[in-house]
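Remarks on the structure that follows.
Number of protein chains: 4
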Amino acid sequence: MPPTRVTVWNEFRHERNPDHPAATVYPDGIHAAVAEALLGQTDWSVRTATLDEPDHGLSDSVLDETDVLVWWAHMAHAQVTDEVVERARMRVLDGMGLVLLHSGAMSKLSQRLLGTSCRVRWRESGEKERLWVVDRGHPVAAGLGEYFEIPQTEMYGEPFDIPPPDDLVLVSWFPGGEICRSGCGWHRGKGRIFFFRPGHETHGIYYQPEVRRVLRNVVRWCAPTPDTPTPRFGNQPPLEPGL
Amino acid sequence: MPPTRVTVWNEFRHERNPDHPAATVYPDGIHAAVAEALLGQTDWSVRTATLDEPDHGLSDSVLDETDVLVWWAHMAHAQVTDEVVERARMRVLDGMGLVLLHSGAMSKLSQRLLGTSCRVRWRESGEKERLWVVDRGHPVAAGLGEYFEIPQTEMYGEPFDIPPPDDLVLVSWFPGGEICRSGCGWHRGKGRIFFFRPGHETHGIYYQPEVRRVLRNVVRWCAPTPDTPTPRFGNQPPLEPGL
Amino acid sequence: MPPTRVTVWNEFRHERNPDHPAATVYPDGIHAAVAEALLGQTDWSVRTATLDEPDHGLSDSVLDETDVLVWWAHMAHAQVTDEVVERARMRVLDGMGLVLLHSGAMSKLSQRLLGTSCRVRWRESGEKERLWVVDRGHPVAAGLGEYFEIPQTEMYGEPFDIPPPDDLVLVSWFPGGEICRSGCGWHRGKGRIFFFRPGHETHGIYYQPEVRRVLRNVVRWCAPTPDTPTPRFGNQPPLEPGL
Amino acid sequence: MPPTRVTVWNEFRHERNPDHPAATVYPDGIHAAVAEALLGQTDWSVRTATLDEPDHGLSDSVLDETDVLVWWAHMAHAQVTDEVVERARMRVLDGMGLVLLHSGAMSKLSQRLLGTSCRVRWRESGEKERLWVVDRGHPVAAGLGEYFEIPQTEMYGEPFDIPPPDDLVLVSWFPGGEICRSGCGWHRGKGRIFFFRPGHETHGIYYQPEVRRVLRNVVRWCAPTPDTPTPRFGNQPPLEPGL
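Chains as they are written, first to last, in the numbering used here: chain P, 1 to 243; chain E, 1001 to 1243; chain W, 2001 to 2243; chain S, 3001 to 3243.
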């Protein structure tokens, strides 16, 4: 099989603000840290794209060469053009994998593909997160024990307005008293979507080994199934005689 | 419990064209036939609304009094304003049931809530449809045997670009060689959505007793769960002390 | 619709041991407290049955008059005869609802219907439980806010070896650091099964108003769908001519 | 990754009866044809086991070296010992994949893991089957078009008493008027189970290229996720201090 081609997309705003902690934690951008995680132990080809590039870095030709799109965004959801959102959405329905990271779940692209508001309860607390595996044979759980922990993160908790996941793999516990469906897979058209909750911009979560392992697992799970022709919709003659 | 308040929405175009068979089959509109089916054996209150009314008949005050919205549409999906689509979508996420009838699955409202293209293989053939019950304990299957038949209908078949249903109740067989997921439920926010395939405008399908039984079952399944307050999303303090 | 007929089954051993706290908390047995919860606000008919009755109180004639069976058990799973387990299992597949309470999830009946070991992480700690609603439009969540709490309970946590629920409604948070899928529905044959986690024998959990509301919701959700004939399996002639 | 180790189990009775068509169609047994399909284009190690071997060929040491167990059976389900059934079941819960072929779905092992009766409507008719892909991005659908056909087979149709599949990939159409959920996946414990319907003993279905492609896809989907330690169930101390 040819190597999976990943495009890591990042809004890349917090990190370019020298007064923001993200500028210190992720000096080259969150996309760089995520890309590094994916490059570490695979033969994948990984590129990055950001909001302020022309076409947000997601031209048709870039998407032509993208098997899995990873999406991080937070403060600038509204600045992503509807045209790029629709372009990416059609690609997912045609087989491109989509990984929604952290607040990427609240992006227009996420809302358009999942149909719900994706609103969530949240708190910027720097508190601990413990992610429990609830489907321990799922490919996304490869390499994980019963749970793993993130020392400091932003809390997301239920209510979380997402569709019931087709695959629920991880559920988070927070010391403040909340829980969250934090590792969620969906099938949409020929594509697969996975939401992975961890990842606030002020903590170096994407450098953590367990998180990097999950990122690789998720990209692998979202990668397109080979040899699946786009089906013919529309008006079609009968397959059986006599009508 | 107070009676369920149903609004049957219909595009109501085919039936007003005197040259179209729908004008004969459904002289008062498809919405009238569906409303009649719902009124027959329940204490529900049922009203109708159509595309060409102001606000498409779906003002905020109408939606304030709607527990379940039934949606039939075919040729004029594009004429439904984005404003009304978004208004209805938010109501579903806040608990209003939505019944998608036949080509209503391809409406903008359906696409916005389900996230997929909802494209389907189809054929205007007047052929028979046999709907098999695949979840025989499901409330939507109440009163049905192993299957029921529709003498003449338009064919819809796989591939059908919908999300995997949370509840799959009916699968259709067609003599031309196709099958279709024809009775599909989804949970979205506080609301529930059900797609029921039968119902072309040129056949009197909504007069058929088994179809009317399913319509009532579906509305009942989609009715809002009582006493479910809208949850608080957004920034929230911890529930446990010590953070 | 005729009233739902509920049989509350209880192992009834802890409560008859005068040295056990259950004897004080539930002097008439856990089944009595659960039955009281169900009788409170419904027109249901409720009876009880216990392990030490002949046939464990679950003769064919009792099951003939049972729409929903509620199951509480803990220390004596192995004493339930395989014959009664199989008898109850076949009834569920034929439409009888089954409510698994607390350690009832580890019963032979539960294991036989769900297929997994149903083992769980646990701790007798008297700690608090907070149950979060993750499907707020689900009928089982009627009357609940975003969460409700149980002041003192036994902890159950993931890993919990159950099949992925067809309906996941509640997830618990525990101060010791665990989470648990605590309100889980499954469809099996014509019947529906719901697991509701709370309920240790040493705490008066089944007297708590929110718990009683959920118990009623669950029984209602598990009640058989009316008018659903048992299907014909086995060798059947074609429905279409020409074979 | 080390190669997947597959054990193809077959009842192997029909084929040893010289008067039965299976003796001609599968002279070396159905297991040999299935094993051949798996060996064709993979680096997997494949062995076979049959009912009449000691321990049915499924000793602990064989299962120790089995990542995926393929199961074909028809006339002798009752002769499989409960001990071997339970041994295999525990392996599945601990991560071994299980592929249920055709009437293997009615085996004791299948019933024990799925919990339902697995009864089905059927007809030995030699009629055509058309298998439609309803989840075209699913790994099991790799290499398939919108559908594929089997020229002559035994019919299985709904009602089919299986739990709602966690993954529904294929639905069959039969000229006699039936449909069947024919490609169904479930998660159970750490293991994955897949039912693939085609495969009567009197037709050479397991020689057909599309069927062989699906067999390989299914084994790949069922293969254990690496690096997933068996979780600790039972009594566990809190993870957080202060209880």
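Backbone N, C-alpha and C fix where the C-beta goes; we use that ideal spot for every residue, glycine too.
Residue environment, residue i, which counts as buried when at least 16 other CB atoms sit within 10 Å
i: serine 2061/W; result: exposed
i: alanine 2078/W; result: exposed
i: threonine 1024/E; result: exposed
i: glycine 177/P; result: buried
i: arginine 3197/S; result: buried
i: alanine 3175/S; result: According to the sequence shown, residue 3175/S is proline rather than alanine. Proline 3175/S is buried by the Cβ-count criterion.
i: glycine 1185/E; result: buried
i: aspartate 1082/E; result: exposed
i: aspartate 2052/W; result: exposed
i: glycine 2040/W; result: exposed
i: aspartate 1019/E; result: exposed
i: glutamate 1065/E; result: exposed
i: threonine 3230/S; result: exposed
Whole-Å CB distance - residue i paired with residue j, under 8 Å assumed
i: proline 224/P; j: methionine 96/P; result: 7 Å
i: proline 1327/E; j: leucine 3168/S; result: Nothing about residue 1327/E can be read from this structure; chain E reaches only from 1001 to 1243.
i: valine 2140/W; j: valine 2171/W; result: About 13 Å separates the two Cβ atoms, so there is no contact after all.
i: aspartate 2227/W; j: glycine 1143/E; result: 4 Å
i: glutamate 3011/S; j: tyrosine 3026/S; result: The pair is not a contact, with the Cβ atoms about 12 Å apart (cut-off 8 Å).
i: histidine 1248/E; j: threonine 1048/E; result: Lying outside 1001 to 1243, the shown extent of chain E, residue 1248/E is not represented and no answer is given.
i: valine 2080/W; j: serine 2117/W; result: About 17 Å; that fails the 8 Å criterion.
i: tryptophan 221/P; j: phenylalanine 194/P; result: 6 Å
Proximity of residue i and residue j at Cβ, strictly below 8 Å
i: leucine 2114/W; j: glycine 3115/S; result: yes
i: glycine 3137/S; j: histidine 138/P; result: no
i: glutamine 1981/W; j: arginine 3232/S; result: Since the first residue of chain W shown is 2001 and the last is 2243, residue 1981/W is not available in this structure.
i: alanine 1037/E; j: arginine 1216/E; result: yes
i: phenylalanine 160/P; j: cysteine 180/P; result: yes
i: leucine 3063/S; j: arginine 3089/S; result: no
i: proline 1238/E; j: serine 182/P; result: no
i: valine 1085/E; j: leucine 1109/E; result: yes
i: valine 2219/W; j: threonine 2004/W; result: yes
i: leucine 2243/W; j: glutamate 3127/S; result: yes
i: glycine 3234/S; j: leucine 3093/S; result: no
i: tyrosine 1206/E; j: valine 1034/E; result: yes
i: tryptophan 173/P; j: tryptophan 2173/W; result: yes
Cutoff 8 Å: residue i Cβ touching any chain B Cβ
i: proline 164/P; result: The structure shown contains no chain B; the protein chains it does contain are P, E, W and S.
inquiry  = Three or more C-beta pairs under 8 Å: does that hold for the segment 3071–3081 of chain S against the segment 3101–3119 of chain S?
reply    = These segments touch.
query = Looking at chain P, which residues of the segment 3077–3088 of chain S have a Cβ within less than 9 Å of any of its Cβ atoms?
reply = Residues: none.
query = What residues from the segment 2043–2064 of chain W come within 9 Å of chain S, judged by C-beta to C-beta, listed N to C?
reply = The residues in question: there are none.
query = What residues in the segment 113–135 of chain P bring their beta carbon closer than 7 Å to a beta carbon of chain E?
reply = Contact residues of the segment 113–135 of chain P toward chain E are Leu113, Leu114, Gly115, Thr116, Ser117, Arg119, Val120, Arg121, Trp122, Arg123, Ser125 and Glu127 (C-beta to C-beta distance below 7 Å).
ask   = Along the segment 1175–1186 of chain E, what residues have a CB closer than 9 Å to any CB found in chain P?
value = Per Cβ criterion, the list reads Pro1175, Gly1176, Gly1177, Glu1178 and Trp1186.
ask   = Relative to chain W, which residues along the segment 1140–1152 of chain E have a C-beta separation below 7 Å, given in chain order?
value = The residues in question are Ala1141, Ala1142, Gly1143, Gly1145 and Glu1146.
query = Any residues in the segment 1217–1240 of chain E with a beta carbon nearer than 8 Å to a beta carbon of chain P? Which ones, in chain order?
reply = From the segment 1217–1240 of chain E, only Pro1231, Arg1232, Phe1233, Gly1234, Asn1235, Gln1236, Pro1237, Pro1238, Leu1239 and Glu1240 have a Cβ closer than 8 Å to chain P.
task = Examine the Cβ distances between the segment 3190–3207 of chain S and the segment 3142–3155 of chain S and report whether three or more of them are shorter than 8 Å.
result = The segment 3190–3207 of chain S vs the segment 3142–3155 of chain S: in contact.
query = Going along the segment 2201–2217 of chain W in order, which residues come within less than 9 Å of chain P, judged by CB to CB distance?
reply = From the segment 2201–2217 of chain W, no residue has a Cβ closer than 9 Å to chain P.
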